[in-house]
Amino acid sequence: MSAADAVTDSLHRMRAEFGDLPGGRPADYIPQLGLADPEAFGLALVSMDGHGYSAGEADVPFTIQSVSKPFIYALALSVLGLDEVSRWVGAEPSGDAFNAISLEPGTGRPANAMVNAGAIVTTALIPDTPGEPAFERILRCLGRFAGRELDVDEEVFTSESMTGDRNRALAYLIRATGTMPVDPVLAVDRYFRQCAVRVTALDLATMAATLAYGGLNPVTRDQVVSPEVAARVLAVMSTCGMYDGSGEWLLRIGLPAKSGVSGGLIAVGPARFGLATYSPPLDTAGNSVRGQAALRALSERYGLHLMLNP
Ligand code: GLN
1 MSAADAVTDS LHRMRAEFGD LPGGRPADYI PQLGLADPEA FGLALVSMDG
51 HGYSAGEADV PFTIQSVSKP FIYALALSVL GLDEVSRWVG AEPSGDAFNA
101 ISLEPGTGRP ANAMVNAGAI VTTALIPDTP GEPAFERILR CLGRFAGREL
151 DVDEEVFTSE SMTGDRNRAL AYLIRATGTM PVDPVLAVDR YFRQCAVRVT
201 ALDLATMAAT LAYGGLNPVT RDQVVSPEVA ARVLAVMSTC GMYDGSGEWL
251 LRIGLPAKSG VSGGLIAVGP ARFGLATYSP PLDTAGNSVR GQAALRALSE
301 RYGLHLMLNP
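Everything in the sequence shown is counted per the UniProt record's numbering, starting at 1 for the first residue and increasing by one.
Structure, rendered in structure tokens:
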């Protein structure tokens, strides 16, 4: 079997092994997400030579949700630099749920850019330019990471917008602590729109591979962000990407990762690969049950833990 066939084969095997794994439920606090097919299970890997491998429902579209957070953090770092971004949002794991009031005592900054509080601020930090409003910039940036033009699922956007009072409350609380750069209503609207951008598992694997490759998209050869920015994003993903499951994830799987409530999950093998899974049933921390199981098995079987095989 060729090396390429072996990769495809192992993704298919993961799908067969974990496709019936019970447990978890699709998120339904955003009503539209509750309509997702719980049986959909897609896996994809993109290598540094730009090759895409996939199994199962890797072409099924879903909304990116929190998997957008590292990429918009990358955009903010590129536009404003680390020192300026760090004035507004920290880099410590919160140890709390994704939607918690994770604000640092003293400064009032959100704990990190991977939880909602920090992501709302990161999104708000992206300035409009004369030719391009901030959200268009965000959408174009996500598209460059994915290597194709992306769009917004308006139904999911409206669904979250109508039910997103907790995020709205967070945004107002952040303004009260003095760390909200724009009007909270505007910040949250832009954040909901960003979360509703439509992707597939294969898109997410390309996006993850771009971070793995020092900010260079290995499929389109577009340098989306600098190697320094990509490295900083991976650092924060390592410690904060899986919310209050981040420590356990780094301990066992040993790869920078990021999950989202629609069931997407990415893991990055620096200078090696971008991996992504899509499976909607989530555990209580808001992470995909089957996605985590498959990535854990891949890490164990192929020795992907970074501290083991740097
Ligand atoms: N849009 C979702 C929210 O803010 C994203 C959360 C997530 O994916 N964990 O609640």
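We treat Cβ as the ideally placed atom computed from N, Cα and C, and that holds for glycine.
(request) Per DSSP, which residues does residue 300 bridge with? Please list them. (result) Beta-bridge pairing links residue 300 to no other residue.
(message) Taking 7 Å as the cut-off, is the beta-carbon of residue 318 closer than that to any non-hydrogen atom of the ligand GLN?
(response) Residue 318 lies beyond the residue range present for the chain, which begins at 1 and ends at 310; the question has no answer from this structure.
(message) Give me the DSSP bridge partner(s) of residue 276.
(response) 44, 266
(message) Between the alpha carbons of residue 12 and residue 186, how many angstroms are there, rounded?
(response) 43 Å
(request) Please find out if some non-hydrogen atom of the ligand SAH comes closer than 7 Å to the beta-carbon of residue 132. (result) The ligand SAH is not part of this structure, which contains only the ligand GLN.
(message) Let me check understanding here. Comparing Cα to Cα, which of 264, 262, 239 lies closest to residue 252?
(response) 239
(message) Can you give me the C-alpha to C-alpha distance between residue 3 and residue 9, rounded to a whole angstrom?
(response) 10 Å
(request) Below 8 Å on the Cβ atoms is my guess for residue 45 versus residue 275; work out the distance and round it to an integer in Å. (result) 5 Å
(message) If you measure between the beta carbons of residue 204 and residue 67, is that distance less than 8 Å?
(response) yes
(request) Starting from the N-terminal side, write out each stretch of the beta strand (DSSP E) that is 3 residues or longer and does not extend beyond the stretch 195-266. (result) 257-259
(message) For the ligand GLN, I want to know if residue 66 counts as a neighbour, meaning its beta carbon is within less than 7 Å of at least one of the ligand's heavy atoms.
(response) yes
(request) Give the range of the alpha helix (DSSP H) segment to which residue 159 is assigned. (result) 154-163
(request) Using 10 angstroms around the beta-carbon of residue 123, count the other beta-carbons present and answer buried if the total reaches 16, otherwise exposed. (result) buried
(message) So if DSSP puts residue 282 in a beta bridge, which residue, or which two residues, is it bridged to?
(response) 25, 288
(message) Could you check if residue 199 belongs to the surroundings of the ligand GLN, using beta carbon to heavy atom distance under 7 Å?
(response) no
(message) Comparing C-alpha positions only, which one of 289, 60, 5 sits nearest to residue 23?
(response) 289
(request) Along the alpha helix (DSSP H) that carries residue 118, what are the first and last residues, could you check? (result) 116-125
(request) Give every residue of the same chain whose Cβ lies closer than 8 Å to the Cβ of residue 198, excluding the five residues on either side of it in the sequence, and list them in chain order. (result) 61, 62, 63, 64, 150, 151, 152, 153
(message) Given this structure, state the Cα-to-Cα distance separating residue 138 from residue 75, to the nearest angstrom.
(response) 8 Å
(message) Tell me whether residue 311, by its Cβ, gets closer than 7 Å to a heavy atom of the ligand GLN.
(response) The requested residue 311 does not occur in the structure, where the chain is confined to residues 1 to 310.
(message) Would you say the beta carbon of residue 195 is closer than 7 Å to some non-hydrogen atom of the ligand GLN?
(response) yes
(request) Report buried or exposed for residue 129, applying the criterion of at least 16 other Cβ atoms within 10 angstroms of its Cβ. (result) exposed
(message) For residue 217 and residue 229, what's the separation of their Cα atoms in angstroms?
(response) 14 Å
(request) Please classify residue 98: does DSSP put it in a helix, a strand, or coil? (result) coil
(request) Please go through the same chain and pick out, in chain order, the residues whose beta-carbon is closer than 6 Å to the beta-carbon of residue 188, but skip the five residues on each side of it. (result) 167, 168, 171
(request) Give a yes or no on whether the C-beta atoms belonging to residue 262 and residue 35 are separated by under 8 Å. (result) no
(message) Nearest by alpha-carbon distance to residue 15: which of 57, 225, 175 is it?
(response) 57
(request) Return the residue from the list 7, 18, 6 that minimises the CA-CA distance to residue 293. (result) 18
(request) Give the range of the alpha helix (DSSP H) segment to which residue 55 is assigned. (result) From DSSP, residue 55 is part of no alpha helix (DSSP H) but of the beta strand (DSSP E) over 52-56.
(message) When you measure from the CB of residue 24 to every non-hydrogen atom of the ligand GLN, does any distance come out below 7 Å?
(response) no
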